[in-house]
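A quick write-up on the structure given underneath.
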Amino acid sequence: DENRPRMDPEENINIVTDSRLKRTIRDYLDSQGEEIFIKEMKREDGTLKSRARLLSEYLTEHSGEFPNWELENLKEVKEKSDNQLWNLLAEVSAKKLKDALLDTFLDLRLFGATIAVKKKTITQIGPVQFKLGRSLHQVKPQLIKGTTVMPSRAGVEAGTITETWVLPYSLIGFYGIVNENTGKETGLTEEDLDLLMEGMWNGTKDLITRSKVGQIPRFLLRVVYSEGNYHIG
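For the sequence shown, the positions run 2 to 234 when my numbering is used.
Set out below in structure tokens:
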């Protein structure tokens, strides 16, 4: 079922993807005014902006760093089709664009990204990686049924049967690592890591969708290893 919690059917364990945790962190940091690259941005007509449009807007706003970028203002970006923008982006140095994006966007320094630009692909592995979250106990999903009544036309009501899967309780544990060598590649700073921890804790408290409202962080532990490549976990 589409809205059913992810489960390990062999162990009856609840599973949460690392992508969900990263989304939680991104949304919180974005709400705090941090520069976030991977997020939904809409045009004036309500449709989502393409990746080509987002990159073109970024380059236009930072045109001083890209002397061969042709567009001088956001109005010119708006007038171009996505295909025209991709053709312009193909002329930009992939390394220069990658360095500029990492310098600007916190989530790219943390989690990395793969960005395809015509025949070029900008790839950066993120220093922060999480394993799948798993409940620390067995869980039992429950199906809640209900009826929604809405007026369909004057004087007539129409009812729709609704079904929602819920978990009455699930204590979910995540663990992750921060690779210091990859962090040097992305320019990751200690301040970035402080914001990561803040995003995990406060972002979890800020979730307000129906399936996630009421979630509360219980325990957050950060282990800082001695310098070098040795670590456990």
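All residues carry an ideal CB built from backbone N, CA and C; glycine is no exception. None of the values given here were measured: they were computed from a predicted structure.
Problem set entry | Other residues of its chain near ASP108: CB distance less than 6 angstroms, five sequence neighbours each side excluded | For the purposes of this step, residue 108 is identified with residue 107 of the sequence shown, where counting begins at 1. If we look at ASP108 and ignore the five residues flanking it on each side, its Cβ neighbours are ARG27, ILE37, PHE38 and ILE39.
Problem set entry | Cut-off 6 angstroms between Cβ atoms - residues of its own chain near SER171, not counting five sequence neighbours on either side | For the purposes of this step, residue 171 is taken as residue 170 along the sequence shown, with counting starting at 1. The answer, listed in chain order, is ASN15, SER136 and VAL140.
Problem set entry | Rounded Cβ spacing between VAL93 and LEU60 (contact assumed at less than 8 angstroms) | Counted from its first residue, the sequence shown places residue 93 at position 92. Counted from its first residue, the sequence shown places residue 60 at position 59. The Cβ separation is near 7 angstroms, so the contact holds.
Exercise. What are the boundary residues of the beta strand (DSSP E) that ASN125 is part of?
Worked result: Looking up residue 125 in the sequence shown gives position 124. Residue identity differs from the one stated: residue 125 is Gln in this sequence, not Asn. That run of the beta strand (DSSP E) goes 121-126.
Exercise. What is the DSSP secondary structure of GLU181, reduced to helix, strand or coil?
Worked result: Here residue 181 corresponds to residue number 180 of the sequence shown, with the count starting at 1. The answer is helix: DSSP assigns GLU181 an H, G or I state.
For this session: Please go through the segment 88-125 and give each complete alpha helix (DSSP H) segment of 4 or more residues, from N-terminal end onward.
Result: 95-105 and 107-112
Exercise. To the nearest angstrom, how far is it from the Cα of SER57 to the Cα of LEU90?
Worked result: The residue given as residue 57 occupies position 56 in the sequence shown. The residue given as residue 90 occupies position 89 in the sequence shown. Using only the alpha carbons, I get a separation of about 7 angstroms.
Exercise. In this structure, does DSSP put LEU144 in helix, strand or coil?
Worked result: Counting from one through the sequence shown, the residue named residue 144 turns up at place 143. Of the three classes helix, strand and coil, the one that applies to LEU144 here is strand, per DSSP.
Exercise. Hey, VAL129 and VAL179: beta-carbon distance below 7 angstroms or not?
Worked result: What you label residue 129 is simply residue 128 of the sequence shown in a count that begins at 1. What you label residue 179 is simply residue 178 of the sequence shown in a count that begins at 1. In contact: VAL129 and VAL179 (Cβ atoms closer than 7 angstroms).
Problem set entry | Where the alpha helix (DSSP H) through GLY134 begins and ends | For the purposes of this step, residue 134 is identified with residue 133 of the sequence shown, where counting begins at 1. It is not in any alpha helix (DSSP H) - GLY134 instead sits in the beta strand (DSSP E) that spans 134-136.
Exercise. What residues in its chain sit with their C-beta under 7 angstroms from that of ARG110, if we drop five residues either side in the sequence?
Worked result: Stepping through the sequence shown from its first residue, residue 110 is reached at position 109. LEU103, THR187, GLY188, LEU189 and ASP193, listed in sequence order.
For this session: Would you mind reading off the limits of the beta strand (DSSP E) that contains ILE209?
Result: For the purposes of this step, residue 209 is identified with residue 208 of the sequence shown, where counting begins at 1. Neither: ILE209 is in no beta strand (DSSP E) and is coded neither H nor E.
Exercise. Just the Cα atoms here: how many angstroms apart are LEU168 and GLN143?
Worked result: As a position in the sequence shown, residue 168 is number 167, starting the count at 1. As a position in the sequence shown, residue 143 is number 142, starting the count at 1. So the two alpha carbons sit approximately 6 angstroms from each other.
Exercise. CB TRP87 to CB LYS119, shorter than 7 angstroms?
Worked result: Against the sequence shown, residue 87 aligns to sequence position 86. Against the sequence shown, residue 119 aligns to sequence position 118. Cβ atoms of TRP87 and LYS119: closer than 7 angstroms.
For this session: Using alpha carbons as the reference points, say which of GLN85, LYS121, PHE112 and ASN74 lies closest to ALA95.
Result: Here residue 95 refers to the residue found at position 94 when the sequence shown is read from its first residue. For ALA95, the nearest C-alpha among the options comes from LYS121.
Exercise. From PHE112 to SER82, what does the alpha carbon distance come to, in whole angstroms?
Worked result: In the sequence shown, residue 112 corresponds to position 111, counting from 1. In the sequence shown, residue 82 corresponds to position 81, counting from 1. Their Cα atoms are separated by approximately 30 angstroms.
For this session: With a threshold of 16 other CB atoms inside 10 Å of the CB of ILE173, please say whether the residue is buried or exposed.
Result: Within the sequence shown, numbered from 1, the residue matching residue 173 stands at position 172. With 16 or more other Cβ atoms within 10 Å, it is buried.
Exercise. Which stretch, first to last residue, makes up the beta strand (DSSP E) that contains ILE16?
Worked result: Residue numbering aside, residue 16 sits at position 15 when the sequence shown is read from its first letter. ILE16 -> beta strand (DSSP E) spans 14-17.
Problem set entry | Backbone secondary structure at TRP70 - three-state DSSP | One-based indexing of the sequence shown puts residue 70 at position 69. Of the three classes helix, strand and coil, the one that applies to TRP70 here is coil, per DSSP.
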